[in-house]
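>
What follows is the structure in structure tokens.
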């Protein structure tokens, strides 16, 4: 029955998308929200069956037929449900369902209500294909499918040029990563003769030599694909712009699910990465640097959704950092907790934007807590979880990643991670204090219209807040919690997680916690107690501030280094090659025929005597030839 | 009737008639005259056929002449109809002014 999990939302998408407009809106809504519920139910049932199996052999498979059969090479439409897929499917369906419910209220007044839900369902189906596929090729189908849905949903309000171009940007940047991934997949087929997870991952140690160049390049190609989808350096640029989409989309796609596809890919390919220490080192460093880099940008942004977007990039960096040091379970743990609190943050932000009729600039907010109590409360929980404050979810998972980083001997990376934790506390609470606390900076007209969101939006907030507060406990105690024991058999045995000494781990956790609290205290002093101080700080380090504010000028760099040369060369080619050579040759042949025709038409005088004369001359010449030729 | 007219005499006569016809077609500008010149050319050919038939003791030539005369009669009917139509439309019999098919 595993294959039903992705098929049901796909059917829902088709029904709502094709005939949704002709049915009552309530029915369409029920279908749109019913399909993720059914998928969630099936996932839970499969999960329960998994739990009843012995720990080492937890695996459910089902196939709905053969897809490609070519000689020795075959690919099936096969689905696989093991602990890793189970966690992913539960997160995708669970958070997805809550976001569907939230969207009922958020999108109620949008005229493309049906299109929105059809796309959300389609996205969910593709994401489930991605996480449940039992081979790389089917995974790639889901991979591209979520990319497509992302494009369609970012550009959902396509009348706005910014949304349309943000969608295109996401699509194009993802293409770069996907291109590398396709090369990797083809190479994998050449090496292994198969794309099936079990075959590839079991054969990996015999086919690939530990530390060989082949292993490193193959895993790096997969990792480049992952950096595109999971918004890591240097392919992260699409994610902040993706905030042009409706907020539920930002929550569902760009926080909780789609961007985690890269993490899932690397975690799923763990046996391959385990053979390529160089690749793992690169994964860890890319993750760590991205975490710090994105956090530094988030410090100075003013758009509520963009801050959370950069926070997402930063947290994804943490996950890659965990994967890179071999703490795969910790990475997936953080993925899971992050899905809860990031969806919560985005949905709370959406509630704020909804209440303020589209205002997203935190400098114009302030004091919202008195008006939006549920939203403010849930945002605070999300912020605490994101900042990694005990006992909220983010603390446990982040702590486990950083403990693994330290235990694996990556001192500098641990420092980067701890600095990022401080930055996270600072930017999260800068956002919270500026938006929800202090004096209101709203104008009177806006104040009179402030209203809390409808129940369909409040319910997911409360549920996600509960999740964000408690879901971290499945990973307690660190390293041997429920989740780690559940996921353990999926991943290759990794030395690092076991060797961390309990005492040093507590010291490290307290140190990181202190950093995060320090960040929060700093945010409190600079943004709530005395707002002038933050401006003074910005004025004291203008170069640093401008660098952060302009996002290290990376967009501008890509614009000059990649986009503009591409556009210029394309234009040159179109003007020179296409217009001159292609069009020129076609037009030239036509002109030649026309010229020949205009010359020949002079023969057609219309005067009978001329014709007769030419007949006569012809006859004479012919006769003369016959007479004298022999 | 012992002294027969030699074949060459017939052929020279018909060649002369044919050339006169061709010259008429080429030189004259009146459509009706051109038409008559064409008839002259046809009959010059007929004369050749008959002469050969007589000298070769074969009936083939005479049969073909009958065919040519039948075709010529049909041609006269159509040709005259065209000339009348032309006259009505162009108010002219001058072949130089008739160039509707000019490309």
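Residue numbers (the numbering used here), protein chains in the order written: chain U, 131 to 760; chain Y, 8 to 110.
Every residue, glycine too, gets a C-beta built ideally from N, C-alpha and C.
Measuring alpha carbon to alpha carbon, tell me which of 28/Y, 55/Y, 30/Y and 29/Y ends up nearest residue 16/Y.
55/Y
> What residue does the alpha helix (DSSP H) around residue 205/U start on, and which one ends it?
Not the alpha helix (DSSP H): residue 205/U falls in the beta strand (DSSP E), residues 203–211.
> So what does residue 37/Y bridge to, in DSSP terms?
Per DSSP, the beta-bridge partners of residue 37/Y are 101/Y.
> Quick test of the definition: if touching needs 3 or more C-beta pairs under 8 Å, does the region 564–583 of chain U touch the region 491–504 of chain U?
yes
> Which chain U residues are close to residue 106/Y, counting only those with a beta carbon under 8 Å from its beta carbon?
735, 736 and 737
> Which residue or residues does DSSP assign as beta-bridge partners of residue 193/U?
Paired residues: 208/U.
> At a cut-off of 7 Å, would you count residue 337/U as near the ligand FMN, judging by its Cβ distance to the nearest heavy atom?
Only the bare structure without any ligand can be found here, which leaves the ligand FMN out of the picture.
> Return the bridge partner residues of residue 200/U from the DSSP annotation.
203/U
> Run down chain U in chain order and give the residues with a C-beta less than 7 Å from the C-beta of residue 29/Y.
Within 7 Å Cβ-Cβ: 746.
> For residue 754/U, would you say it is in contact with chain Y, using Cβ-to-Cβ distances shorter than 8 Å as the test?
no
> 8 Å is my cut-off, CB to CB: does residue 109/Y come that close to chain U?
yes
> Please report the Cβ distance between residue 406/U and residue 360/U, rounded to the nearest whole angstrom; I am assuming they are in contact, meaning their Cβ atoms lie under 8 Å.
Actually they do not touch by this definition, with Cβ atoms about 18 Å apart.
> Within the 8 Å Cβ cut-off, does residue 743/U reach chain Y?
So yes, residue 743/U belongs to the interface.
> Indicate the three-state DSSP secondary structure (helix, strand or coil) for residue 263/U in the structure shown.
strand
> Looking at C-alpha atoms only, which residue of 157/U, 354/U and 371/U is the closest neighbour of residue 768/U?
Absent from the model: residue 768/U. The displayed extent of chain U is 131 to 760, so no value can be given.
> What number of angstroms, rounded off, separates the C-alpha of residue 536/U from the C-alpha of residue 575/U?
Roughly 53 Å between the two C-alpha positions.
> Cβ closer than 8 Å: which chain U residues qualify as neighbours of residue 33/Y?
739, 742, 743 and 746
> Let me check one thing: in DSSP terms, what residues is residue 491/U bridge-paired to?
Residue pairing by DSSP puts residue 491/U in a beta bridge opposite 433/U.
> Tell me which same chain residues have a C-beta within less than 7 Å of the C-beta of residue 478/U, skipping the five on either side of it?
505, 508, 509, 512 and 591
> Give me the Cα-Cα distance between residue 311/U and residue 184/U, rounded to the nearest whole angstrom.
35 Å
> Please name the residue or residues paired with residue 326/U in a DSSP beta bridge.
265/U
> Does the beta-carbon of residue 244/U have 16 or more other beta-carbons within 10 angstroms, so that it is buried, or is it exposed?
buried
> Find out if the Cβ-Cβ distance for the pair residue 252/U, residue 143/U is shorter than 8 Å.
yes
> Is any beta-carbon of chain U found at less than 8 Å from that of residue 103/Y?
yes
> Return the CA-CA distance between residue 337/U and residue 586/U, expressed in angstroms with no decimal places.
Going from the Cα of residue 337/U to the Cα of residue 586/U covers about 53 Å.
> Please determine, among 190/U, 306/U and 205/U, the residue with the shortest C-alpha to C-alpha distance to residue 262/U.
190/U
> Could you check what DSSP says for residue 286/U in three-state terms: helix, strand or coil?
coil
> Check whether the Cβ of residue 57/Y lies closer than 8 Å to any Cβ atom in chain U.
No, residue 57/Y lies away from the interface with chain U (no Cβ there is under 8 Å from its Cβ).
> Throw me the rounded Cβ distance for the residue 622/U and residue 401/U pair, which I believe falls under 8 Å.
5 Å
> Looking only at its own chain, which residues have a Cβ that is under 8 Å from the Cβ of residue 680/U, when we skip the five neighbours before and after it?
Closer than 8 Å at the Cβ level, and outside the excluded window around residue 680/U, lie 686.
> Please determine, among 715/U, 423/U and 571/U, the residue with the shortest C-alpha to C-alpha distance to residue 491/U.
Nearest C-alpha to residue 491/U among 715/U, 423/U and 571/U: 571/U.
> Can you look up residue 404/U in the DSSP assignment and give me helix, strand or coil?
coil
> Put residue 92/Y into one of helix, strand or coil per three-state DSSP.
Residue 92/Y: helix per DSSP, three-state reduction.
> Using 8 Å as the threshold, is the C-beta distance between residue 4/Y and residue 60/Y below it?
In the structure as shown, chain Y starts at 8 and stops at 110, and residue 4/Y therefore has no counterpart that could be examined.
> Go through the region 700–747 of chain U residue by residue and report every complete run of the beta strand (DSSP E) that reaches 3 residues or more, in order.
As far as the region 700–747 of chain U is concerned, it has no whole beta strand (DSSP E) run of at least 3 residues.
> Going by alpha carbons, who is nearest to residue 171/U out of 220/U, 754/U, 199/U and 733/U?
220/U
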